[in-house]
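J.: Under the numbering used here, the first residue of the sequence shown carries the number 680, and numbering increases by one thereafter. Note that beta-carbon positions come from the ideal geometry of N, C-alpha and C, so glycine has one too. Computed from a prediction, not measured in an experiment: that's the story for all the values here.
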Amino acid sequence: MRCPKCRSAETKVLDTRTAKNETSIRRRRQCLDCDARFT
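(1) Drop a sphere of 10 angstroms on the beta-carbon of R681, count the other beta-carbons inside from all chains shown, and report buried for 16 or more, exposed for fewer.
(2) Figure out for me which residue from E689, T695, Q709 has the closest Cα to the Cα of S703.
(3) Among the candidates A698, F717, Q709, whose CA atom is the shortest distance from the CA of K691?
(4) Based on the DSSP output, what are the partners of L691 in its beta bridges?
(5) Per DSSP, what are the beta-bridge partners of R716 in this structure?
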């Protein structure tokens, strides 16, 4: 997944949890280049 801020492909997953409908997974990621956090 690419960072929406700098478009880098270098990201790591910080947190994983089930979404409200329990059929999808939400992953909190952090860009390793610009340190932006996104879902």
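T.: If we stick to the structure as given:
(1) exposed
(2) T695
(3) Q709
(4) For the record, residue 691 in the displayed sequence is Lys; it is not Leu. Beta-bridge pairing links K691 to Q709.
(5) Q709
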